[in-house]
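Residue numbers (full-length UniProt numbering): 1 to 94.
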């Protein structure tokens, strides 16, 4: 499956990088690299998340990181679209 990040997900990842880099640029690179590598697993295992608050999305908690990935699976187009990435302690929009 193809992996696509929509504009919000890209902005979320940039925000995570910027937030962590305030304390440590090296840690920021490590965190974002781990996030991207983990998210890449969705191409092989697109249904490993659980149905999200919006029933057309899936939510997946990234192992060993406090982040949640929101994504959609388009089986007909064989793609996974990541729509958001946020810290698990963040309030989310309803």
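Glycine included, C-beta positions come from ideal geometry on N, C-alpha and C. Since this is a predicted model, take the numbers as computed values, not measurements.
In angstroms, rounded to a whole number, what distance separates the CA positions of residue i and residue j?
i, j, result
"residue 87", "residue 67", "4 Å"
"residue 10", "residue 3", "13 Å"
"residue 39", "residue 55", "20 Å"
"residue 52", "residue 79", "18 Å"
"residue 42", "residue 20", "24 Å"
Can you give me the start and stop residues for the alpha helix (DSSP H) that residue i sits inside?
i, result
"residue 23", "It is not in any alpha helix (DSSP H) - residue 23 carries neither H nor E in the DSSP assignment."
Going by DSSP, what residue range makes up the beta strand (DSSP E) through residue i?
i, result
"residue 45", "It is not in any beta strand (DSSP E) - residue 45 carries neither H nor E in the DSSP assignment."
Only counting the same chain, and skipping five residues up and downstream in sequence, which positions put a Cβ closer than 7 Å to that of residue i?
i, result
"residue 81", "4, 6, 71, 72 and 74"
Near residue i, which residues of its chain fall below 6 Å by C-beta distance, leaving aside the five closest residues on each side in sequence?
i, result
"residue 94", "In this prediction, residue 94 has a pLDDT of 45, which is less than 50 and means its spatial position is unreliable; what the coordinates show is noted afterwards. Taken in chain order, the list of residues that qualify is empty."
Could you pull out every residue in the same chain whose Cβ sits closer than 8 Å to the Cβ of residue i, ignoring the five residues on either side in sequence?
i, result
"residue 12", "84, 85 and 86"
**Asked** Quick one: complete beta strand (DSSP E) runs, 3+ long, within the segment 48-80?
**Response** 58-61 and 67-74
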